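**Q** Sharing a structure with you now.
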Amino acid sequence: MAKLNAQPSPRPTPRTILQASILGALLYAVMVTLIYQTQPFGSFISDKVVDIAVLFAAAAAAYVSYQFRRQFQPDEAPHHVWNMFTLGLLFWVAGEVSGMVYDFIYWNAETYPDLMITDLCWLAGYTLLGLALYYQYRIVFGRNSERGTHYYLFLILLALGINTLLTNAAIRSGLGEGSSWLVVFITILYPVFDATTGIGALYLSYLFKRGHWIRPWWGLILFALSDSINIFYWLGGYKLIPSAWRTPLDLTGIFLYTNSYLVMAISFLSLYFMFRFGINSGLIIAKKDP
Numbered sequence: 024m025a026k027l028n029a030q031p032s033p034r035p036t037p038r039t040i041l042q043a044s045i046l047g048a049l050l051y052a053v054m055v056t057l058i059y060q061t062q063p064f065g066s067f068i069s070d071k072v073v074d075i076a077v078l079f080a081a082a083a084a085a086y087v088s089y090q091f092r093r094q095f096q097p098d099e100a101p102h103h104v105w106n107m108f109t110l111g112l113l114f115w116v117a118g119e120v121s122g123m124v125y126d127f128i129y130w131n132a133e134t135y136p137d138l139m140i141t142d143l144c145w146l147a148g149y150t151l152l153g154l155a156l157y158y159q160y161r162i163v164f165g166r167n168s169e170r171g172t173h174y175y176l177f178l179i180l181l182a183l184g185i186n187t188l189l190t191n192a193a194i195r196s197g198l199g200e201g202s203s204w205l206v207v208f209i210t211i212l213y214p215v216f217d218a219t220t221g222i223g224a225l226y227l228s229y230l231f232k233r234g235h236w237i238r239p240w241w242g243l244i245l246f247a248l249s250d251s252i253n254i255f256y257w258l259g260g261y262k263l264i265p266s267a268w269r270t271p272l273d274l275t276g277i278f279l280y281t282n283s284y285l286v287m288a289i290s291f292l293s294l295y296f297m298f299r300f301g302i303n304s305g306l307i308i309a310k311k312d313p
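In short: position in the sequence shown from 1, add 23, done, that's our numbering.
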C-alpha cells in the first residue's frame, strides 16, 4: 500500500506553490473570461484563443491526475480509482480538441451536427469517471460488500430518472426546438451526470471523514453549474430570460467551466504533494497527543 513519504520539502514549499497556483488559476479564468467577452483579436481568433486556453486547463488537470496516479502500484485499490479518473479526463481533453475542430469547420454554418465525436468523448469520460466513483465506493465499503454497488446503481438510476424528467420538461417548455428527444436527452445528461457524480463524491467525503481525498471531485460540481448554463443557452433558454441577464450568465458559464478543470488540477497537485513529501509538505495537520 502506498504511504505518505517524508522527503524533505522543496523550495518553494508545496504550500507556497499551491497558494500561487490558486491565485494563478483565478487570474487565468478571469483572463479567459475577458477575452471571451471583449474579443480583442476579432471574433474568430479570440474564440480560438479561448478554446486553446480551456484545452490547456483540461490538459493540466489530466497531467497532474496522471502524476498522482503514479504514486500507487497497479495492485493497490486507489490505483484503480485514479487510473479511471485520469482516463476520463483524457477523453475530456480529446473532447475539447474535437470540439475545436468542429467549431473551426462549422464556424460560418447555421447549425451543428446533432451528434458529434465530441459527444462520444464526453460520454466515454463520464463512463470512466463513474467507474472511478464505483471503485472508490468499493474502497469505503469493502470489495466483498454489495453496499457500494447498490449505492452506485442507485446514483445511475437517479441520474437517468432526473434526466428523463428534465428532458420532457424542456421539450414541453419549447426548449431544444428542432432537435429530437434523444439529442435533448443526451445534451441535458451532461450537467445531470456532473451533479450526480459530484454529490456521490460528497457523500464519500462524509464517509471518509477526510476531505482531501474527495477534492478532485469538486470540479464536477462546478461543471454541473457551467454545463447547466451552456445547455440552457444551447436549448434556446436565453429567450426566456431578460436580456440584461444574458451576458452575466454567459460570462459566469465560461468562468466556471475554465475553473472546473483548474480546481481538479490544483486538487490533484495538493494530493501529489501530500504523498510525495508527507508531513514535510506543510499540507497535513498532525494530530496532537491527548
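Backbone N, C-alpha and C fix where the C-beta goes; we use that ideal spot for every residue, glycine too.
Note that the structure is a prediction, hence the values are computed from the model and not measured.
1. Going along the chain, which unbroken runs of the alpha helix (DSSP H) with 4 or more residues stay wholly within the stretch 54–133?
2. For Gly242, count the other beta carbons within 10 Å of its own beta carbon; 16 or more makes it buried, fewer makes it exposed. Which is it?
3. State the CB to CB distance for the pair Phe291 and Ser88, rounded to an integer number of angstroms; the pair is presumed to be in contact (CB under 8 Å).
4. One question on the structure: do Pro208 and Thr220 come within less than 7 Å of each other, judged by their Cβ atoms?
5. Output the distance between the C-alpha atoms of Ala117 and Asn253, rounded to the nearest integer angstrom.
6. From Ile68 to Asp126, what does the alpha carbon distance come to, in whole angstroms?
7. Is Tyr59 closer than 7 Å to Ile277 when the C-beta atoms are compared?
8. Whole angstroms are fine: how far does the CA of Thr172 sit from the CA of Leu143?
9. Quick check on DSSP: helix, strand or coil for Thr36?
10. What whole-angstrom Cβ distance do Ser4 and Tyr280 have, given they're in contact under 8 Å?
11. Please state whether DSSP places Tyr284 in a helix, a strand or coil.
12. Where Tyr174 and Glu200 are concerned, what is the direct C-alpha to C-alpha distance, given to the nearest angstrom?
13. Over the uninterrupted alpha helix (DSSP H) stretch that includes Leu248, give me the two end residues.
14. Out of Lys262, Arg269, Leu178, which has the shortest C-alpha to C-alpha gap to Leu11?
15. I need the straight-line Cα distance from Gly197 to Trp257, nearest angstrom please.
16. CA-CA distance, Met107 and Phe216?
17. Which value, in whole angstroms, describes the spacing of the CA atoms of Pro313 and Val55?
18. What does a CB cutoff of less than 8 Å around Leu181 pick up in its chain, not counting 5 residues either side in sequence?
19. Tell whether a beta-carbon distance below 7 Å holds between Phe95 and Leu294.
20. Under the three-state reduction of DSSP, which class applies to Gly199: helix, strand or coil?
21. For the alpha helix (DSSP H) that contains Leu151, what are its first and last residues?
22. Check whether the Cβ atoms of Ala247 and Ile237 sit closer than 7 Å, and answer yes or no.
23. Are the Cβ atoms of Leu212 and Asn186 separated by less than 7 Å?
24. I need the straight-line Cα distance from Met24 to Glu99, nearest angstrom please.
25. At the level of alpha carbons, what is the spacing between Phe64 and Phe79?
**A** This is what the structure holds:
1. 66–92, 100–128
2. buried
3. 5 Å
4. In the sequence under discussion, the amino acid at residue 208 is Phe, which differs from the Pro named in the question. No. Outside cutoff.
5. 19 Å
6. 12 Å
7. yes
8. 25 Å
9. coil
10. This structure does not reach residue 4, given that the chain is present from 24 up to 313, and the question cannot be answered.
11. helix
12. 36 Å
13. 238–257
14. Nothing can be reported for residue 11, as the shown portion of the chain is limited to 24 through 313.
15. 12 Å
16. 16 Å
17. Any reading at Pro313 needs caution, since the residue's pLDDT is 42, under 50, leaving its predicted position unreliable; the model's value is listed next. Near 49 Å, if we compare the C-alpha coordinates of Val55 and Pro313.
18. Thr219
19. no
20. coil
21. 140–164
22. no
23. yes
24. The predicted model places Met24 with a pLDDT of 46, which falls under 50 and marks its position as unreliable, so this point remains unresolved.
25. 19 Å
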